[in-house]
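**Student:**
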Amino acid sequence: MQQGVLNHGVEVAEYLREIGCNQALLARLLRRCIPLFCQEVDKRAGPLVGQLLGLGLTGAEAARCFERCPMTGAVSHGFGPTILALEDLLEAGSVTGLDGRRLLADLLIGQPTAAALLTLRPDELRQRADGLLDLGLSMAELVAAVHKDALLLTVDPEELHEQAAVLHEELGADRDVFASMLLLEPSAVVEGCAHDLQKRVTRLVEELGQQGALETVMDMPTLLTVAWIGSRDPTAMSLSAEGQEDLFPAASGPELIRAHQKDELYQQQLTDACHDAVRRVLGPRAALRWAAETRLLSELLYLSLTTGAGRQTLGEEYCDILQVAGAAGAPPGTARRGLLVLLQALGPYLADRLAAPAEEDDGLAAWRQAQAAAAAGRQQDSAPPSPLQRLAAGVQRLREAVAAAAAPAAAHLPAAGAFLRDYGPTLLRIHLVLFYLYGCYYQPAKRAAGVRYLFLGRALEGRPSYRALGVLLLGQLGISGLLWLLRRHGSLPALLAGARGGAAAAEAYGWPGRGAALLGEDGKPLREGSAAEASSVPAAATAAAVGDVPGTRRCPLCLSVRACPTATPCGHVFCWQCICDWASQRADKPECPLCRAEFAPCQLTVVRHADF
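For the sequence shown, full-length UniProt numbering begins at 1 and goes up steadily by one.
Written out as structure tokens, the structure reads:
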């Protein structure tokens with residue numbers, strides 16, 4: 001084999017480079033799929049890669065299939081018959097109307113490990129598909145499960161029946177339950193055998209009982225893929241409230257923030273689409289007037305279809321985190337999910353409405369009352385009102401009745417709005433301190449609903465923490481509280497007098513103030529004397545001091561205001577230093593941190609004179 005690589009490796013590498021493989025991909029391919037380089041191009045690499053190119057894959061996508069599934073590089077008979085069998089299978093169970101060739105290409109692009117199916121003979125492939133159909137899956141369900149994990153078709157039918165028998169004996173689950181588990185998490189079957197499965201199921205039954213174990217497996221089939229769940233060591237973890245945290249660790253701060261950012265991105269896209277629809281139907285004036293309500297509707301739609309339906313959001317799926325609640329760490333129930341959806345969508349909307357100043361003053365209200373009285377007088381002197389006028393009058397009376405009924409509660413709204421304006425930012429900062437210190441609840445709605453997250457992915461060593469940032473923010477809150485106490489006890493005017501003296505001295509030396517208001521820790525201008533007009537602190541620095549930075553202007557990597565904004569080819573914007581460091585750490589395959597689109601460092605574009 002080594003002599004073959006020496007004789008033909010350069011020729012094969014040149015061929016792969018011509019079809020679009022870069023140097024890093026070639027190095028990985030040579031390390032993992034040596035048989036592809038052992039023969040002449042027209043005897044192995046050319047025909048095998050050419051068959052994948054014929055499906056519509058690019059050269060790089062075809063090479064990744066060989067990289068992720070090295071055994072395909074040793075196939076000597078070609079993929080032709082197996083490709084035809086796979087096309088027929090995928091097309092027979094497709095619900096999209098696409099042809100089998102396109103479906104197979106999409107499967108190989110999305111799951112390069114699906115190339116392992118190409119090593120099977122057509123009769124073996126049909127035998128495995130028939131075994132899955134015998135378990136109760138329909139053809140459409142079979143194709144859906146294959147799109148989740150294509151390696152499901154590599155499992156021996158006898159092994160499938162043995163695993164189904166284990167679940168029936170230990171949990172009392174019939175074949176329909178096993179089929180449902182296949183649809184929900186095919187990897188639970190792909191990554192195990194009947195013997196290991198029996199040990200894990202036995203351990204689950206000991207911890208949770210038969211019915212509890214069955215319900216848990218139905219909700220979280222990935223539990224059956226944990227290799228050490230069957231340990232009899234008394235120090236081994238338990239699937240109780242404490243044990244589940246060991247089985248799947250709590251999601252860390254960076255994972256929660258990244259998932260939230262990803263969800264915000266998709267919510268913004270949905271909001272833009274809804275706003276565009278409203279603008280086309282009702283016109284730009286109405287679209288601008290109802291912009292907040294349009295955003296509320298889009299958020300309710302997004303959250304209802306994901307969290308409300310018991311599914312992961314796109315951000316949660318991207319970061320491999322799962323919602324749990326309660327002491328047992330079970331998935332949240334329907335009522336809790338509904339509460340979470342309402343809190344996440346309606347909470348910020350109602351808070352903004354309450355904290356906003358009154359839209360009309362007493363003079364405007366008096367003018368409207370006078371206009372209404374004049375209109376009523378004209379109606380009495382004129383002819384009988386028309387049906388449309390009577391309908392409008394009825395609607396007006398209904399609004400007055402509702403307003404009168406809600407008057408006792410509405411009397412407290414100004415006080416609630418004032419409280420939110422005065423203390424809302426401080427409460428949010430306290431919530432942020434708790435998140436940075438303990439890393440559990442990133443959103444206030446999650447804290448109120450008691451919904452936390454578990455991390456289901458592969459845990460890395462030395463997971464990062466924001467505890468140091470929480471300590472710094474806690475110190476900032478302490479200083480803010482001290483300044484508030486100084487203002488309350490009358491010591492701050494002396495400090496402001498010193499500030500006025502400094503500003504006067506600056507003007508005497510030719511440093512005119514910029515007229516910026518001196519803001520307190522709550523972000524509002526100080527009203528004591530003329531101190532609000534005596535500060536020479538730039539407004540931008542003051543806003544940054546209180547954290548008043550729009551989320552769209554923050555760098556997704558460092559979470560600070562973007563310095564030297566730099567755009568990737570996919571359109572996402574970062575700090576120049578942040579994205580360059582990110583690309584240098586992944587020199588073999590630079591990709592966007594948000595959407596994973598590949599880019600070359602020379603494609604980074606610095607954006608000038610733009611305010612995003």
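Virtual Cβ for every residue (Gly too), placed ideally from N, Cα, C.
#1: Taking the DSSP output, what are the residues bridged to threonine 605?
#2: Determine the burial state of tyrosine 453: buried for a count of at least 16 other Cβ atoms within 10 Å of its Cβ, exposed for fewer.
#3: What distance in whole Å lies between the Cβ atoms of cysteine 558 and cysteine 578, which are believed to be in contact at a cut-off of 8 Å?
#4: Count the other CB atoms within 10 Å of the CB of serine 298; is the residue buried (16 or more) or exposed (fewer)?
#5: How about cysteine 570 and cysteine 595: do their beta carbons lie closer than 8 Å?
#6: What did DSSP end up calling leucine 469 once you bin it into helix, strand or coil?
#7: Leaving out five residues before and five after histidine 431 in sequence, what residues of the same chain have Cβ atoms less than 6 Å from its Cβ?
#8: Can you tell me where the beta strand (DSSP E) with glutamine 323 in it begins and where it stops?
#9: Count Cβ pairs between the stretch 468-479 and the stretch 422-442 that sit closer than 8 Å; are there 3 or more?
#10: Since I believe cysteine 33 is in contact with phenylalanine 66 (beta carbons under 8 Å), could you give me their beta-carbon distance rounded to a whole number of angstroms?
#11: Thinking just about the alpha-carbon of each residue, which of Leu256, Val95 and Ala105 is nearest to the one in glycine 54?
#12: Would you mind stating whether alanine 164 and leucine 135 have Cβ atoms separated by less than 8 Å?
#13: Give me the Cβ distance between proline 593 and tryptophan 576, rounded to the nearest whole Å; I'm assuming they're in contact under 8 Å.
#14: If you follow the beta strand (DSSP E) that leucine 454 is part of, which residue opens it and which one closes it?
#15: With a cut-off of 8 Å on the beta carbons, I'd call isoleucine 109 and glycine 59 a contact; round off their distance for me.
#16: Provide the residue span of the alpha helix (DSSP H) that contains cysteine 274, from first to last.
#17: When DSSP labels each residue in this structure, what does leucine 427 get in the three-state scheme?
#18: Residue range of the beta strand (DSSP E) that cysteine 578 falls in?
#19: I think alanine 287 touches arginine 295, with their Cβ atoms under 8 Å apart; what is that distance to the nearest whole Å?
#20: Taking its Cβ as the centre, do 16 or more other Cβ atoms sit within 10 Å of threonine 96, making it buried, or is it exposed?
#21: Helix, strand or coil for valine 95? Go by DSSP, reduced to three states.
#22: Quick one: Cα of glutamine 3 to Cα of cysteine 38, how far?
#23: Can you tell me which of the three DSSP states leucine 526 falls into?
#24: Could you say if the stretch 37-51 and the stretch 86-95 meet the contact criterion of at least three C-beta pairs nearer than 8 Å?
#25: Checking 8 Å against the spacing of the C-beta atoms, do threonine 72 and leucine 120 come in under that value?
#26: Mind checking which residues open and close the alpha helix (DSSP H) that includes residue 613?
#27: Can the beta-carbon of phenylalanine 455 be found less than 8 Å from the beta-carbon of glutamate 207?
#28: So what does DSSP say about alanine 600, is it helix, strand or coil?
#29: So, with DSSP's three-state summary, where would you put alanine 236?
#30: With DSSP as the reference, identify every bridge partner of glutamate 591, one or two as the case may be.
#31: Can you tell me whether tryptophan 290 sits near the ligand HEM, meaning its C-beta is under 7 Å from at least one heavy atom of the ligand?
#32: In chain order, which beta strand (DSSP E) runs of at least 3 residues are fully inside the stretch 84-162?
#33: Which of helix, strand or coil does DSSP assign to valine 75?
#34: Can you have a look at glycine 333 and say buried or exposed, based on whether 16 or more other CB atoms are within 10 angstroms of its CB?
#35: Taking leucine 125 and alanine 150 to be in contact with their CB atoms under 8 Å, please state how far apart those CB atoms are, rounded to whole angstroms.
#36: Could you check the C-alpha separation between valine 281 and lysine 148 for me, to the nearest Å?
**Tutor:** With the structure as the only source:
#1: The partner list for threonine 605 (beta bridge, DSSP) reads Ala567.
#2: buried
#3: Yes, cysteine 578 and cysteine 558 are in contact; Cβ-Cβ is about 5 Å, under 8 Å.
#4: buried
#5: yes
#6: helix
#7: Pro444
#8: 321-325
#9: Contact holds: three or more Cβ-Cβ distances are below 8 Å.
#10: 5 Å
#11: Ala105
#12: yes
#13: Contact doesn't hold; Cβ gap of about 14 Å is too wide.
#14: 451-455
#15: Not a contact, Cβ separation roughly 13 Å.
#16: 253-282
#17: helix
#18: It is not in any beta strand (DSSP E) - cysteine 578 instead sits in the alpha helix (DSSP H) that spans 576-585.
#19: Their Cβ separation, rounded to whole angstroms, is 11 Å, which puts alanine 287 and arginine 295 out of contact at 8 Å.
#20: exposed
#21: coil
#22: 8 Å
#23: Note on leucine 526: pLDDT 45, under 50, position unreliable in the model; the coordinate value appears next. DSSP places leucine 526 in coil when its eight states are reduced to three.
#24: No: fewer than three Cβ pairs fall under 8 Å.
#25: no
#26: As displayed, the chain neither begins before 1 nor continues past 612, which places residue 613 out of reach and without an answer.
#27: no
#28: Coil, per DSSP.
#29: Since pLDDT at alanine 236 reaches only 36, below the 50 mark, its modelled position is unreliable, and no value is offered.
#30: Glu598
#31: Although the ligand HEM was asked about, the structure shown includes no ligands whatsoever.
#32: For the stretch 84-162, not one full-length beta strand (DSSP E) segment reaches 3 residues or more.
#33: coil
#34: Exposed.
#35: The pair is not a contact, with the Cβ atoms about 11 Å apart (cut-off 8 Å).
#36: Going by C-alpha positions, valine 281 is about 39 Å away from lysine 148.
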